[in-house]
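Each protein sequence line maps, in turn, to chains A and B. Residues -11 to 316 (our numbering) make up the first sequence, in order. Residues -10 to 295 (our numbering) make up the second sequence, in order. Glycine is no exception: its CB is placed at the ideal position from the N, C-alpha and C atoms. Treat the numbers as computed from the prediction; the structure is a model and nothing was measured. A quick write-up on the structure given underneath.
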Amino acid sequence: MTISRETAINVTLALVLLAMPFVALQLGKPFYVTLATRMAILGLAAVGLNLALGLGGLVSFGHAAFFGVGGYAAGILASHAFAGQPLNLGLFALPGTNQMLVVWSVAVLAGGLLAAAIGMISLRTSGVYFIMITLAFAQMTYYFAISWPAYGGEDGLSITIRNVVPAINTLIPINYFLVCYALLLTALLIFALIRGSRFGAALQASRQNELRVASIGIAPFRVRLVAFIISGMITALSGALYADLNRFVSPSMLSWHMSGELIIIVVLGGVGRLWGPVAGAMLFVVFEFVLGGLTERWQFFLGVALLAVVLFARGGLIGFLAGRMRHG
Amino acid sequence: MQTALFIEQVLNGLQLGVMLFLMAAGLTLIFGVMGLINLAHGSLYMVGAFACATVAAATGSFWLGLAASLAAAAAAGAIIEILVIRRLYERDHLDQVLATFALILIFSEGTRWLFGSFPLYLDIPPLLRGTVPIPGGSRYQLYRLAIIGVGIAVAVGLFLLISKTRLGMRIRAGESDREMIGALGVDIRTLYTVVFALGAGLAGLAGALVGALQSVQVGMGEPVLILAFVVIVIGGIGSIKGALVGALLVGLVDTMGRFLLPQLFSLLMTPSQAGLVGGALASMLIYIVMAAILAVRPQGLFAARG
């Protein structure tokens, strides 16, 4: 059995990302552990988006909504646990918690519900309508977060102590990196399983030819909706991790710049490629860090670079390294 | 007093609506003719506001500033059309989104580079300062009324341009069959540049007009851009009429929602709670209206295509 070039690149990426924090600690530069964690978390968010964007061809410009909802799930639960007050949901009260396993479940559930609601409406449309509607709904959550003062409003919400996982001390940066890395690998596994499944085939087929899929007897709407929900769930999970990394949530996690950055990450890495989002996230964080260190105006150069990539170099990093996607 | 406040809010809603129309008309025209989604439209709005503030500060004349805003935004539009946008017509929407998002980053950081992070201020011209009486015994800012007037004039002008002139005929032809009008000898590249510059100029005009009401700063175009998206999604992408109806609807619903919802809720709960719930709901109201309209008509109210 020969290993394809893409597989070799993927394995290299996985090992580089895993090795990065350990090397950083050896070199006495603990800050790079945080950087690697950021890569893993943004990569995870982008894996979620890649499911909708890459496999389903759904250009969602509103994934910040799911990212932010996951973040707020972590922030709100942690703040209630810290204050010792249960969260009053009208019909029943939910105790706050600092258990990440619970936080993740709530984040995933909330992301899934929100994605179902947004998807039900926006998936009735396509193309440029879909882009604008997902953007509009994400903006709605953004304005809601700003105008609802109970959880900090515009100022955001701090998480006093990072939430915990049983048997792992998440306050140690490298441990937290490993938690995020493990979740990233899990999400990639889910992505690979979906891509290879009958469902994944239907999803990709409805991207390529909606009419033909419908005429076979598969409703593209339902396939897309399920994919959109799973996509929202994965991105929401990453939002919860991101909030715990920074120990802070704010409406900026919901802003449309965030949605744009997630799309950039997927496209920089390679749309629809398994490890594309991770490659994109690594590239993006490096870019942000290196240029951000050189100049305050790094976003200007990010814009120029992005423009150059879109106009002249298509296929992203994985496409550049491994060649065009093979259709088997 | 209550009637006067109500009328004032309706006027505010109309003023927001016509501003949104100036933005949405360009966006929808560009989408209708070229099939392009332009996220950088908000940047052109910002360019207009900065040009107006700079020229007005240098010359002391708001009117020169206003002319400068139109010229600067239209010129910026023509330049990015020739350098970047032109290469995107044949690409898919994802590429268009990314490239125009990149343009936003370039415009925003570039403007911050040139003008610094502090907002600029633009004064209302002396001619339009002061207030006029409105029914109910209150007074209303003359400048805001003038903005409504400009919006109506632009709407009428656009209607005449598109239905009566040769350029308008070409624009309509470009919407229905771009290859055919190319084959008939119309220079389609120039037409596209002209349409793009026209849309950009309208956005710049809107930016300059609103600049005198708010501060002129980087990022001012983004909230307006997203509202303009809501407008054209509601109105139907590619339809100028849809943009007008959608803009007025969004302007009125947003303004009236912020005004009336807290009062409505105060019938049910304490004033502070009502302000909270009403305010939060009002901030989401236009999106809820959009969702409701899409549930009934997924292509918007006046869909031009499909």
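- If the cut is a Cβ gap below 7 Å, which residues of chain B does A/Val57 touch? Simply none; closest approach about 14 Å.
- For B/Pro298, which residues of its own chain have a beta-carbon under 8 Å away from its beta-carbon, when the five flanking residues on both sides are left out? Since the first residue of chain B shown is -10 and the last is 295, residue 298 of chain B is not available in this structure.
- Cβ-based burial, A/Ile156 [other Cβ within 10 Å; buried from 16]: exposed
- Proximal residues of chain A, C-beta to C-beta of B/His82 below 8 Å: Val47, Gly115, Val116 and Ile119
- Query: Is A/Gly281 closer than 7 Å to B/Leu94 when the C-beta atoms are compared?
  - Reply: no
- Item | 7 Å Cβ cutoff, A/Leu299 in contact with chain B | yes
- Message: Any contact between the stretch 229 to 246 of chain B and the stretch 254 to 266 of chain B? By contact I mean 3 or more CB pairs, one from each, below 8 Å.
- Response: Between the stretch 229 to 246 of chain B and the stretch 254 to 266 of chain B, the count of C-beta pairs closer than 8 Å stays below three; the two stretches do not touch.
- Task: Using a cut-off of 7 Å between C-beta atoms, extract the partners of B/Ser272 located in chain A.
- Result: Tyr131, Phe132 and Ser135
- Message: Report the start-end ranges of each alpha helix (DSSP H) in the stretch 160 to 233 of chain A that is 4 residues or longer and not cut off at the edges.
- Response: 161 to 184, 186 to 196 and 198 to 204
- Can you tell me whether DSSP reads B/Leu109 as helix, strand or coil? Shown here, B/Leu109 sits in a strand according to DSSP, grouped into three states.
- Task: Whole angstroms is fine: what's the gap from B/Thr48's alpha carbon to B/Gly31's?
- Result: 26 Å
- Query: Between A/Ala223 and B/Val239, what straight-line distance do the alpha-carbon atoms span, to the nearest angstrom?
  - Reply: Checking the sequence shown, residue 223 of chain A turns out to be Thr, not Ala. One C-alpha to the other measures close to 30 Å.
- Look at the alpha carbon of A/Trp92 and the alpha carbon of A/Asp232, and state the distance between them as a whole number of angstroms. 11 Å
- Message: Does B/Tyr129 come out as helix, strand or coil in the three-state DSSP assignment?
- Response: Strand at B/Tyr129.
- Item | Cutoff 7 Å: A/Arg112 Cβ touching any chain B Cβ | Yes, contact with chain B.
- If you measure from the beta carbon of A/Phe288 to each beta carbon in chain B, is any gap under 7 Å? So, interface residue.
- CB-CB under 7 Å to A/Leu262, same chain, minus the five flanking residues each way: which ones, in chain order? Asn(-2), Leu176, Phe179 and Ala180
- Message: How far does the alpha helix (DSSP H) with B/Pro122 in it extend, from its first residue to its last?
- Response: Careful: B/Pro122 lies outside any alpha helix (DSSP H), inside the beta strand (DSSP E) at Thr120 to Ile123.
- Item | Three-state secondary structure assigned by DSSP to A/Val259 | coil
- Message: Helix, strand or coil for A/Ala81? Go by DSSP, reduced to three states.
- Response: It is a strand residue.
- What residues of chain B sit near A/Met241, judged by a beta carbon separation below 7 Å? Under the 7 Å cutoff, chain B gives no residues; its nearest Cβ is about 16 Å from A/Met241.
- Message: Following a CB-centred definition, is B/Arg76 positioned closer than 6 Å to any heavy atom of the ligand COA?
- Response: The ligand COA is not among the ligands present in this structure, which contains no ligands whatsoever.
- Query: What residues from the stretch 277 to 292 of chain B come within 7 Å of chain A, judged by C-beta to C-beta, listed N to C?
  - Reply: Met279, Ala280, Leu283, Ala284 and Pro287
- Message: For chain A, check one thing: does any of its Cβ atoms lie closer than 7 Å to the Cβ of B/Ile95?
- Response: yes
- For A/Leu1, collect the residues of the same chain with a Cβ closer than 8 Å to its Cβ; drop the 5 residues on either side in sequence, then sort them by chain order. Here the set comprises Trp263, Val266, Ala267 and Met270.
- Query: Tell me which same chain residues have a C-beta within less than 8 Å of the C-beta of A/Ile109, skipping the five on either side of it?
  - Reply: Ile121 and Phe125
- Cβ of B/Trp102 less than 7 Å from any chain A Cβ? It does: the Cβ of B/Trp102 has a partner Cβ on chain A nearer than 7 Å.
- Task: Starting from the Cα of A/Val298, find the closest Cα among A/Leu256, A/Ile306, A/Leu279 and A/Arg285 and give me that residue.
- Result: A/Leu256
- Could you list which residues in chain A have their beta carbon closer than 9 Å to that of B/Phe20, in chain order? Val116
- Message: Using a Cβ-Cβ distance cut-off of 7 Å, determine whether A/Leu294 contacts chain B.
- Response: yes
- Task: Determine, using beta carbons only, whether B/Ala271 and B/Gly246 come nearer to each other than 7 Å.
- Result: yes
- Does the stretch 180 to 193 of chain B come close enough to the stretch 55 to 70 of chain B that 3 or more CB-CB pairs lie under 8 Å? yes
- Minimum Cβ-Cβ distance from B/Ile60 to chain A less than 7 Å: The sequence shown places Ala at residue 60 of chain B, rather than the Ile named in the question. Judged by the 7 Å Cβ criterion, B/Ala60 is not in contact with chain A.
- Where the alpha helix (DSSP H) containing B/Ala65 begins and where it ends: Phe51 to Leu72
- Taking only the alpha-carbon atoms, compute the straight-line gap between A/Phe54 and A/Phe118 and give it to the nearest angstrom. 16 Å
- Query: Under a CB-based cut-off of 7 Å, is A/Gly257 close to chain B?
  - Reply: no
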